[in-house]
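Numbering-wise (numbering that gives the first Met the number 0), the sequence shown opens with residue 0 and increments by one.
Backbone N, C-alpha and C define an ideal beta-carbon position, used for all residues, glycine too.
None of the values given here were measured: they were computed from a predicted structure.
Since the structure comes first, as structure tokens, the remarks are kept for the end.
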Amino acid sequence: MTDRLCLSSAFRSRILRINNGALMKIKTLFIPAIIAALALSCAGTFTDSEYFSRLDAFISAGDYAQALVNIEEAKEKQKFAYKDRLLYYLDKGVLLSYQGDYEQSNQCLNDAETAMEELFTKSISSAAASFLLNDNILPYYGETYENIYVNIFKALNYLNLNKLDDAYVEVRRVNVKLVELEDKNKRLVESLNSAQDASIPFKMQAGNFYDDALAHYLSYLIFRAQGEPDNCRISLQKLQKAWDANGEIYNFSMPSVLKKELQAFEAGRGGDPQAMKNGRLALIAFVGNAPRKKAIGGLITTYDNAIGISELDVPIALPNI
Numbered sequence: 000m001t002d003r004l005c006l007s008s009a010f011r012s013r014i015l016r017i018n019n020g021a022l023m024k025i026k027t028l029f030i031p032a033i034i035a036a037l038a039l040s041c042a043g044t045f046t047d048s049e050y051f052s053r054l055d056a057f058i059s060a061g062d063y064a065q066a067l068v069n070i071e072e073a074k075e076k077q078k079f080a081y082k083d084r085l086l087y088y089l090d091k092g093v094l095l096s097y098q099g100d101y102e103q104s105n106q107c108l109n110d111a112e113t114a115m116e117e118l119f120t121k122s123i124s125s126a127a128a129s130f131l132l133n134d135n136i137l138p139y140y141g142e143t144y145e146n147i148y149v150n151i152f153k154a155l156n157y158l159n160l161n162k163l164d165d166a167y168v169e170v171r172r173v174n175v176k177l178v179e180l181e182d183k184n185k186r187l188v189e190s191l192n193s194a195q196d197a198s199i200p201f202k203m204q205a206g207n208f209y210d211d212a213l214a215h216y217l218s219y220l221i222f223r224a225q226g227e228p229d230n231c232r233i234s235l236q237k238l239q240k241a242w243d244a245n246g247e248i249y250n251f252s253m254p255s256v257l258k259k260e261l262q263a264f265e266a267g268r269g270g271d272p273q274a275m276k277n278g279r280l281a282l283i284a285f286v287g288n289a290p291r292k293k294a295i296g297g298l299i300t301t302y303d304n305a306i307g308i309s310e311l312d313v314p315i316a317l318p319n320i
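So this is what it looks like as structure tokens:
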């Protein structure tokens with residue numbers, strides 16, 4: 000099942016088999032040609048495109064060990080400033096997961112979660128300044144999709160460690176976070192509007208996304224591995240509801256196999272709990288590139304009786320006002 004919400008680059012595809020309640024990796028199917036770690040494309044706080052091109056090349060070739068070396072070298076050369084430490088945790092955490100070091104990956108992703116919470120809180124008071132200058136003056140506290148996919152990665156890591164209960168905790172955290180993040184953004188807007196020098200009111204634009212279908216799909220697989228048909232049915236029903244409620248995100252048909260599974264569970268034909276634990280095959284693949292952040296805006300040059308306005312990367316060539 001491919002989740003189109005994922006804005007990170009392509010994840011490795013994995014075949015997973017449920018056997019006696021354990022979810023185990025069998026083999027890596029393929030490594031997509033275009034691939035990058037979760038946060039690499041969000042590095043608008045950096046300007047070193049050569050570094051990221053080199054890192055992307057290692058990842059595309061499946062050389063995760065060398066990619067990790069590259070990240071550590073970049074840290075030593077201070078390409079990751081302290082305010083950009085979240086990017087370091089995300090990049091390293093994802094690459095460790097690719098490499099199969101699931102416990103260390105989760106340690107990095109735990110650090111990423113802690114940093115996101117800490118940095119977001121500290122950034123609220125100084126956010127107005129970033130609108131006047133640029134986002135580089137603030138610590139990078141992550142995008143919503145990065146925040147929730149930290150938990151998706153942690154869940155997949157726990158599944159590979161055969162820790163199904165821990166994986167379910169991370170899966171549940173995804174949808175809880177979506178509601179929490181909406182509240183945080185509301186507080187951010189209120190902070191901007193209440194600033195002493197606020198002159199232009201900011202309007203809160205609701206995210207309208209509170210339910211992640213992928214999270215419910217993973218919970219369904221976990222409950223199936225544990226032989227719990229009722230919880231399997233509930234997870235699939237929630238998946239269907241999330242799919243129908245978020246047409247702009249899930250703008251493609253829900254896989255027919257999931258519809259048939261849901262119908263079977265609703266009709267009481269989901270299978271014997273013990274039989275459900277044996278011989279289940281599931282393919283999970285994340286595909287696509289993350290958006291790359293680029294500075295936009297205008298350059299204003301003032302004269303005695305006129306101003307000139309131009310794009311940031313173009314010399315002044317427009318008529319003066």
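Check: Whole-angstrom distance between residue 73 and residue 283, CA atom to CA atom; Outcome: 31 angstroms
Check: Through-space distance from residue 254 to residue 246, alpha-carbon basis; Outcome: 14 angstroms
Check: Residue 86 versus residue 100: straight-line alpha-carbon distance, rounded; Outcome: 19 angstroms
Check: Bridge partners - residue 309, DSSP secondary structure assignment; Outcome: 298
Check: Alpha helix (DSSP H) runs wholly inside the stretch 77-155, at least 4 long, in chain order; Outcome: 84-98, 101-123 and 126-131
Check: Sequence-distant residues of its chain with Cβ nearer than 8 angstroms to residue 160 (five each side left out); Outcome: 101 and 102
Check: Beta strand (DSSP E) segment containing residue 281, residue limits; Outcome: 279-283
Check: Alpha-carbon spacing of residue 108 relative to residue 153, whole angstroms; Outcome: 7 angstroms
Check: Cβ-based neighbour list, residue 241, same chain, cut-off 7 angstroms, excluding 5 preceding and 5 following; Outcome: 210, 211, 212 and 215
Check: Own chain, CB closer than 6 angstroms to residue 52, minus 5 neighbours either side, in chain order; Outcome: none
Check: Separation of residue 304 from residue 145, as counted between CA atoms; Outcome: 47 angstroms
Check: Cα-Cα separation between residue 176 and residue 195, rounded to whole angstroms; Outcome: 31 angstroms
Check: Start-to-end residues for the alpha helix (DSSP H) that takes in residue 66; Outcome: 63-75
Check: Limits of the unbroken alpha helix (DSSP H) element including residue 241; Outcome: 228-244
Check: Nearest-angstrom Cα separation, counted from residue 187 out to residue 166; Outcome: 31 angstroms
Check: Three-state secondary structure (DSSP) of residue 182; Outcome: helix
Check: Backbone CA spacing between residue 57 and residue 270 [nearest angstrom]; Outcome: 44 angstroms
Check: Backbone CA spacing between residue 251 and residue 243 [nearest angstrom]; Outcome: 10 angstroms
Check: Euclidean distance between Cα positions of residue 81 and residue 75; Outcome: 12 angstroms
Check: Buried/exposed call for residue 172, threshold 16 Cβ in 10 Å; Outcome: buried
Check: Where residue 172 falls: helix, strand or coil (DSSP); Outcome: helix
Check: 8 angstroms CB neighbourhood of residue 232 in its chain, flanking five on each side removed; Outcome: 261, 264, 265 and 269
Check: Assigned secondary structure, residue 160 (DSSP; H/G/I helix, E/B strand, else coil); Outcome: coil
Check: Which of helix, strand or coil DSSP assigns to residue 286; Outcome: coil
Check: Test item: CB-CB of residue 274 and residue 220 under 8 angstroms; Outcome: no
Check: Under the three-state DSSP convention, the category residue 259 falls into; Outcome: helix
Check: From 143, 257 and 63, residue whose alpha carbon lies closest to that of residue 235; Outcome: 257
Check: Cβ neighbours of residue 169 in the same chain (closer than 8 angstroms, five flanking residues each side left out); Outcome: 150, 151, 153, 154 and 157
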